[in-house]
Structures are given as structure tokens and as C-alpha cells.
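In our numbering, the protein residues as written are 188 to 435.
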Ligand SMILES: Nc1ncnc2c1ncn2[C@@H]1O[C@H](COP(=O)(O)OP(=O)(O)OP(=O)(O)O)[C@@H](O)[C@H]1O
Ligand SMILES: [Mg+2]
């Protein structure tokens with residue numbers, strides 16, 4: 188057993204998802220070490236959202252899901268997304284879903300911290316506002332008035348209120364200006380350095396490579412490469428398709 192396997196916060200094996208006859212995810216393994224940050228990249232339609240949703244126990248339509256998901260060694264199979272979240276496996280889905288008519292504070296207050304977090308940390312409002320000072324300034328603003336970046340911060344903050352042990356993030360930086368992308372992902376990295384474990388699906392490969400421990404590349408539902416960020420930076424598949432700088 189490797190060191191990583193010993194301390195895995197999240198271990199998923201053989202995850203496959205079919206929509207009718209269409210195989211969207213095909214036998215993918217994911218290991219998120221405790222206190223680690225894993226990034227996953229891949230083209231549009233590669234199956235990234237399908238996979239991360241499957242880890243959270245969720246699918247966008249009628250889907251057949253196979254494989255095993257373990258959180259801190261405990262099986263999550265057969266648990267609803269809600270139950271998984273209560274145990275610490277918390278998803279911030281693509282497209283976030285915050286309430287436009289509620290203020291920032293009200294949106295955050297909707298998430299009740301677990302009564303028995305079992306060593307996990309439910310973030311208080313003060314801690315959230317310290318992490319995202321922009322939200323503190325806008326706490327009385329309605330969700331519908333926020334910028335894309337601020338909405339992402341609310342979505343992540345709601346997840347933090349639920350005391351995650353593993354945070355699943357689906358393209359948290361979608362639609363953000365490049366400077367904000369880096370800022371948001373760097374904030375996620377700070378949380379990891381304080382002990383949170385993160386699995387991050389991203390489109391900004393450059394920023395992701397700078398912050399994650401390991402990078403996964405998904406192509407047509409299959410995991411085609413994975414490795415330490417420092418190694419993946421020089422992988423020809425990453426260089427060619429995502430960084431546009433293939434050296435010869
Ligand atoms: N509810 C559904 N029913 C049928 N097919 C679906 C459904 N949701 C997704 N798919 C298909 O599954 C494949 C993977 O889609 P998915 O959304 O997981 O990709 P993605 O990697 O997240 O893409 P993007 O980068 O655009 O977010 C695509 O071919 C998509 O058309
Ligand atoms: Mg997606």
C-alpha cells in the first residue's frame with residue numbers, strides 16, 4: 188500500500204456512468220489524499236461533471252452508475268447526495284445555484300452546520316467573511332446583484348458551512364476574469380494547507396497546475412494520464428491541448 192492509499196480522504200474505484208447506451212465515464216479511479224488537492228482537466232464533454240457528480244451520489248438525468256466511493260474508509264455507496272454531504276463529502280456543482288432573491292447572509296444561513304461534525308470544521312460566518320472579504324462587504328446584497336466571482340464565493344462558502352472533509356468543486360472559476368480565477372483557486376489552496384481535501388475540476392489548466400498536488404486528464408470518459416503537477420506540466424498531451432506550447 189502506498190502512503191497515499193493509507194491516508195486517502197476519498198477513494199473512488201471503477202467509476203462508470205452510462206446515460207442509456209452512451210458511456211460518459213468509463214472505469215475511473217480517483218484518490219484524494221487527506222490534506223491534498225487533486226485537479227482534473229479535460230475537453231468539453233469529456234465526462235468531468237458526470238464523474239464529480241457521481242462521486243457526490245448525483246446525476247443530471249437517469250444514469251447507471253457503477254463503482255465504489257469511500258470517504259475516510261467508509262462506503263458512500265447507496266447513500267443519497269444529502270447523506271454524503273452530512274458525512275463530509277460536499278459538492279459545489281457546475282452552475283452553483285444560489286438564491287437571487289436572498290442576501291449573501293441569508294444564502295449562507297440556509298446551510299445548517301452539522302450538529303455532530305465529528306472532528307470536521309463547520310465554518311462560521313466570521314470565518315467565511317475573513318476568507319472572502321468581498322462577501323463581507325456585500326453581506327446585505329441580494330444574490331441576483333452579485334458578480335460571477337462573488338456568486339462563486341457564496342457557493343463555495345455554503346459548502347464550507349457544511350463542514351466538508353472533502354470538497355468537490357466543478358469548475359469554480361467558470362466565467363471569471365483571469366485574476367479572479369487565480370485568487371479563488373489560491374484561496375482553495377489555503378484551505379487545503381489548513382487540512383481540507385479538495386477534488387477540483389477546472390478549465391484553467393495553467394492556474395490549476397500551479398496549485399494542485401496531482402493532475403488528472405480525462406478524455407472521452409477515460410482517465411488517460413495522471414501524475415504530480417510538476418510532471419504533468421511537461422506531459423505532451425497537456426502541453427499540446429491545454430497550454431499550447433508543445434516543445435519539440
Ligand atoms: N443527462 C444526460 N443525459 C444524457 N447524456 C448526458 C447527460 N449529461 C451529460 N451527458 C453526456 O455525457 C458526456 C459528458 O458530459 P459532462 O457534462 O460530464 O462533460 P464535462 O467534461 O463536464 O464537459 P464541460 O467541460 O462542458 O462541463 C457528454 O457527452 C454529455 O453530452
Ligand atoms: Mg462540466
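All C-beta atoms, glycine included, are put in the ideal place defined by N, C-alpha and C. Please read all numbers here as calculations on a predicted model, not as lab measurements.
Contact check, residue 242 vs residue 228, beta carbons under 7 Å: Stepping through the chain shown from its first residue, residue 242 is reached at position 55. Stepping through the chain shown from its first residue, residue 228 is reached at position 41. The answer is no: Cβ separation not under 7 Å.
C-beta neighbour in chain D for residue 360, strict 7 Å: Note that chain D does not occur in the displayed structure, where there is just one protein chain.
Segment contact, 8 Å Cβ cut-off, at least three pairs: the segment 278-298 with the segment 339-353: yes
Reduced DSSP category for residue 199 - H, G, I as helix; E, B as strand; rest coil: Within the chain shown, residue 199 is the residue found at index 12, counting from 1. Residue 199 carries a strand assignment under DSSP once its states are collapsed to helix, strand and coil.
Cα-Cα separation between residue 191 and residue 220, rounded to whole angstroms: As a first step, residue 191 is located in the chain shown; it is residue number 4 there, counting from the start. As a first step, residue 220 is located in the chain shown; it is residue number 33 there, counting from the start. Only weak support is given to the placement of residue 191: the predicted model assigns it a pLDDT of 47, under 50, and the value that follows is read from those uncertain coordinates. Answer to the nearest angstrom: the Cα atoms are 6 Å apart.
Residue 198 versus 248, 264, 205 and 251, residue with shortest Cα-Cα distance: Residue 198 sits at position 11 when you count from the first residue of the chain shown. With distances taken between Cα atoms, residue 198 lies closest to 264.
Identity of the residue in 406, 211 and 351 nearest residue 248 by Cα: Position 61 of the chain shown holds residue 248. Of 406, 211 and 351, the residue nearest in Cα terms is 211.
Continuous beta strand (DSSP E) assignments of at least 3 residues falling wholly in the segment 341-423: 353-357, 384-388, 401-406 and 409-415
Residue 257, DSSP secondary structure in three states: As a first step, residue 257 must be located in the chain shown, where it is residue number 70. Residue 257: strand per DSSP, three-state reduction.
Which residues DSSP lists as bridging residue 290, in chain order: In the chain shown, the residue the question calls residue 290 occupies position 103. Paired residues: 329.
Cα-Cα separation, residue 224 to residue 384: Sequence index remark: in the chain shown, residue 224 carries index 37 (1-based). Sequence index remark: in the chain shown, residue 384 carries index 197 (1-based). Straight-line measurement puts the Cα of residue 384 at about 6 Å from the Cα of residue 224.
For residue 397 and residue 317, the rounded distance between their alpha carbons: Mapped onto the chain shown, residue 317 falls at position 130. Mapped onto the chain shown, residue 397 falls at position 210. Roughly 24 Å separates the two Cα atoms.
Distance, residue 356 Cα to residue 488 Cα: Because residue 488 is not part of the residues shown, which for the chain are 188 to 435, the question remains open.
Same chain only: Cβ atoms within 6 Å of residue 214, ignoring 5 sequence neighbours per side: Here the question's residue 214 lines up with position 27 in the chain shown. Result list for residue 214: 201 and 203, in chain order.
Residue 301 versus residue 207 - alpha carbon distance: Looking up residue 301 in the chain shown gives position 114. Looking up residue 207 in the chain shown gives position 20. In this structure, the alpha-carbon of residue 301 lies about 36 Å from that of residue 207.
Residue burial classification, residue 253 (beta-carbon count within 10 angstroms, cutoff 16): By one-based count along the chain shown, residue 253 stands at place 66. Taking every protein chain shown into account, the CB of residue 253 has fewer than 16 other CB atoms within 10 angstroms, so this residue is exposed.
Extent of the continuous beta strand (DSSP E) to which residue 209 belongs: Here residue 209 refers to the residue found at position 22 of the chain shown. Counting along the chain, the beta strand (DSSP E) containing residue 209 begins and ends at 209-220.
Near ligand 1: residue 364 beta-carbon under 6 Å from a heavy atom: In the chain shown, residue 364 corresponds to position 177, counting from 1. No, since every heavy atom of ligand 1 falls outside the 6 Å radius drawn around the Cβ of residue 364.
Contact test: residue 247 Cβ vs ligand 1 heavy atom, cutoff 6 Å: In the chain shown, residue 247 corresponds to position 60, counting from 1. Yes, the Cβ of residue 247 comes within 6 Å of a heavy atom of ligand 1.
Among 262, 410, 278 and 195, the one whose alpha carbon lies nearest that of residue 245: The count along the chain shown starts at 1 and reaches residue 245 at position 58. The candidate whose alpha carbon is nearest that of residue 245 is 278.
Limits of the unbroken beta strand (DSSP E) element including residue 285: Here residue 285 refers to the residue found at position 98 of the chain shown. No beta strand (DSSP E) contains residue 285, which DSSP labels as neither H nor E.
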